[in-house]
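What follows is a short report on a single structure.
2 protein chains.
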Amino acid sequence: MPEDAPFDPIAEARRQWNSHWGRSATPSMGAVTSIMRVEQILTARLNDLLKPWDLTFPRYEALMLLYYSRRGALPLGKMGERLQIHPTSVTNTIDGLQKLGYVARTQHEQDRRKWLASILPEGREVAELATEVLNRERFATAPLRKQDLDTVYEVLRAFRHAADG
Amino acid sequence: MPEDAPFDPIAEARRQWNSHWGRSATPSMGAVTSIMRVEQILTARLNDLLKPWDLTFPRYEALMLLYYSRRGALPLGKMGERLQIHPTSVTNTIDGLQKLGYVARTQHEQDRRKWLASILPEGREVAELATEVLNRERFATAPLRKQDLDTVYEVLRAFRHAADG
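As they're listed, the protein sequences go chains A and B. Residue numbering for the first sequence is 247 to 411, as defined by the numbering used here. Residue numbering for the second sequence is 247 to 411, as defined by the numbering used here.
Below is the structure:
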C-alpha cells in the first residue's frame with residue numbers, strides 16, 4: 247500500500263476474515279459491508295443535492311412514483327408495495343411531502359377507509375427540478391462509469407428478484 | 247416479461263427514465279436505486295440472523311472492531327472513523343452494546359475527557375457465535391456467488407476510495 251493511500255477498513259476486515267475464519271465467507275462479508283458503506287455515502291450525497299427542496303431520497307422516490315402514476319394519485323398501501331417499504335414509513339414520507347405542499351392526502355372515493363396521496367402542481371414542478379439536478383449529477387455516483395453502474399445493476403437485480411419473487 | 251414474473255419497480259423506473267429523460271442518467275439511477283433496495287433487504291435479513299444476541303448489523307460491526315483491536319479497547323472517536331459513522335451513532339451503538347453486557351465504557355487513562363469502549367468476555371463469545379452464523383449464511387447474500395460478490399466489491403471499492411480518499 248503506498249504511504250499516502252487512505253486506510254481501508256473493509257480491505258482490513260477482508261484480511262482478518264481470510265486469516266481467522268477461512269476464505270469462504272470473505273467475498274460475502276466484503277460485498278455486504280461495501281454495500282452498507284456505499285449506501286451511507288450515496289444517501290448523504292443525494293440528501294445534499296435534494297436539500298433545496300427539503301427532500302430526502304425516500305421522499306424523492308415517493309414523489310416520483312406519484313409523478314409517474316396515471317392519475318397523479320395512488321393509495322398509500324400501493325405506494326408501500328411499489329417502494330418496498332413499511333406502511334409506517336409510507337405514512338411518514340407522505341406526511342413530510344404534505345407539510346411541504348407537494349402532495350395532498352384524500353380519502354378514497356369508493357372505500358373511505360383507504361387513503362390516497364395525490365401530487366400537487368408544486369410537487370410536480372419540484373419533481374422535475376430535482377430530477378434535472380440528480381440526472382445532471384448522475385445520482386451522485388461519480389467516479390463510476392456506465393459499464394460499472396450497469397454491472398452493479400445486473401448483479402443486484404438477480405439478488406432482488408430472488409428476494410422479492 | 248413472463249406472466250408469473252413479479253413486477254420490478256426499478257426496471258419500470260429505468261423504462262420511464264429512458265423515455266422521459268434521455269438514456270444518459272438511467273444507469274446511475276438504476277444502480278443507486280438497486281443499492282438502496284438491496285441494503286434494505288440485507289439489513290432485514292442480517293438483523294434476523296443476529297436477533298438471538300439482540301445485535302443489529304451496526305452493533306455487530308462495532309463489536310467486531312473491538313474484537314479485532316489489539317487491546318480489545320478503542321476510543322469512541324477512533325471507532326467512528328473506522329466504522330465511518332457519526333459520533334452520535336457511535337455513542338448510541340456503544341450504549342446498546344453496554345446494556346447487553348457485551349462492552350464496557352471507561353475513561354481514557356491519559357486523557358480523561360476521552361471515552362474508551364472495551365469488549366467484555368461475554369461480548370467476545372457473542373462476537374464469535376454471531377460470526378459463525380453470518381459466515382455459514384454467507385452474510386445473507388444468497389443466491390449471489392463468489393464471482394458476483396467479488397465484482398460488487400471491486401466496483402464499489404473504486405467508489406469508496408474516491409469518496410473517502
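Every residue, glycine too, gets a C-beta built ideally from N, C-alpha and C.
Taking B/L312 as the reference, which of B/H407, B/E374 and B/D410 has the closest Cα?
For B/L312, the nearest C-alpha among the options comes from B/E374.
When the cut-off is 8 Å and only beta carbons count, does A/R406 lie next to chain B?
Yes, because at least one Cβ of chain B sits closer than 8 Å to the Cβ of A/R406.
Within the chosen definition, does the segment 257-268 of chain B reach the segment 361-369 of chain B through at least 3 CB pairs nearer than 8 Å?
No, the segment 257-268 of chain B is not in contact with the segment 361-369 of chain B.
Within the segment 378-404 of chain B, note down every full beta strand (DSSP E) run reaching 3 residues or more, in order along the chain.
Entirely contained in the segment 378-404 of chain B, not one beta strand (DSSP E) run reaches 3 residues.
Neighbour list for A/I281 in chain B, Cβ cutoff strictly below 8 Å:
Residues of chain B passing the Cβ test: I281, V284, E285, L288, V398 and L402.
State the start and end residues of the unbroken beta strand (DSSP E) segment that holds B/P321.
Unbroken beta strand (DSSP E) run through B/P321: A319 to P321.
Strictly under 8 Å for the Cβ-Cβ distance: is A/E249 near chain B by that measure?
Only weak support exists for where A/E249 lies, its pLDDT of 48 falling under 50; the coordinates are left without a value.
Contact set for A/W299: own chain, Cβ-Cβ below 6 Å, skip 5 residues either direction:
Only V372 and A376 meet the Cβ criterion.
Give me, in chain order, the residues of the same chain whose beta-carbon lies closer than 8 Å to that of B/R370; leave out the 5 immediate sequence neighbours on both sides.
Only Y313 and G318 meet the Cβ criterion.
Can you pull the chain B neighbours of A/S315, defined as C-beta to C-beta under 8 Å?
Per Cβ cutoff of 8 Å: no residues; A/S315 is ~11 Å from chain B at best.
Within 8 Å (strictly less), CB to CB, does B/K324 reach chain A?
No, because no Cβ of chain A sits closer than 8 Å to the Cβ of B/K324.
Note the first and the last residue of the continuous alpha helix (DSSP H) segment covering A/R291.
Counting along the chain, the alpha helix (DSSP H) containing A/R291 begins and ends at T272 to L296.
In or out: A/A277 buried (at least 16 other Cβ within 10 Å) or exposed?
The C-beta of A/A277 has 16 or more other C-beta atoms within 10 Å across all chains shown, which makes the residue buried.
Which residue's Cα is closest to the Cα of A/G342: A/R283, A/A308, A/L292 and A/S270?
It is A/A308.
By the criterion of Cβ-Cβ separation under 9 Å, what are the contact partners of B/Q330 in chain A?
Those within 9 Å of B/Q330 in chain A are P255, R283, Q286 and I287.
Once you ignore the five residues that flank A/T272 on each side, which residues in its own chain have a CB closer than 6 Å to its CB?
Counting only Cβ-Cβ distances below 6 Å, and skipping sequence neighbours, we find R260, W263 and N264.
Please report the distance separating the alpha-carbon of A/M247 from that of A/S274.
A caution first: A/M247 carries a pLDDT of 47, below 50, which makes its placement in the model too unreliable to give a value.
Here's a check: name, in chain order, each residue in its chain whose Cβ is nearer than 7 Å to the Cβ of A/D328, leaving out the five neighbours to either side.
It is Arg, not Asp, that sits at residue 328 of chain A in the sequence shown. The answer, listed in chain order, is L311.
Compare the beta carbon distance of B/E368 and B/Y348 with 8 Å and say whether it is the shorter of the two.
In this structure, B/Y348 lies closer than 8 Å to B/E368 by Cβ.
Should B/D394 be flagged as near chain A, meaning a C-beta pair shorter than 8 Å?
Cβ-Cβ to chain A under 8 Å: yes for B/D394.
So which residues on chain B does A/P252 lean against when the C-beta distance must stay under 9 Å?
Close partners of A/P252 in chain B (Cβ separation under 9 Å): H407, D410 and G411.
Quick check on the DSSP output: what are the complete alpha helix (DSSP H) runs of length 4 or more inside the segment 349-373 of chain B, in order along the chain?
The segment 349-373 of chain B contains no whole alpha helix (DSSP H) run of 4 or more residues.
Output the distance between the C-alpha atoms of B/K345 and A/G411, rounded to the nearest integer angstrom.
In this structure, the straight-line span from the alpha carbon of B/K345 to that of A/G411 is close to 38 Å.
Let me confirm a value: B/R305 is counted as buried when at least 16 other C-beta atoms fall within 10 Å, else exposed. Which label applies?
For B/R305, the number of other beta carbons within 10 angstroms of its own is at least 16, and it is reported as buried.
Determine, using beta carbons only, whether B/V372 comes closer than 8 Å to chain A.
By this cut-off, B/V372 is not an interface position.
Residue nearest to B/K324 in terms of C-alpha spacing, selected from A/S315, A/P255 and A/L292
Comparing alpha carbon positions, the residue from A/S315, A/P255 and A/L292 closest to B/K324 is A/P255.
Own chain residues within Cβ distance below 7 Å of B/A350, not counting five before or after:
Excluding five sequence positions before and after B/A350, the CB atoms of its chain that fall closer than 7 Å to its own CB belong to Q344, S364 and L366, given in chain order.
Between B/A257, B/P252, B/E258 and B/T279, which lies nearest to A/R384 when the distance is taken from Cα to Cα?
It is B/T279 whose Cα lies nearest to the Cα of A/R384.
Give me the Cα-Cα distance between B/R451 and B/Q356, rounded to the nearest whole angstrom.
Summary: the structure shown does not reach residue 451 of chain B, with chain B confined to residues 247 through 411, and so no result is reported for it.
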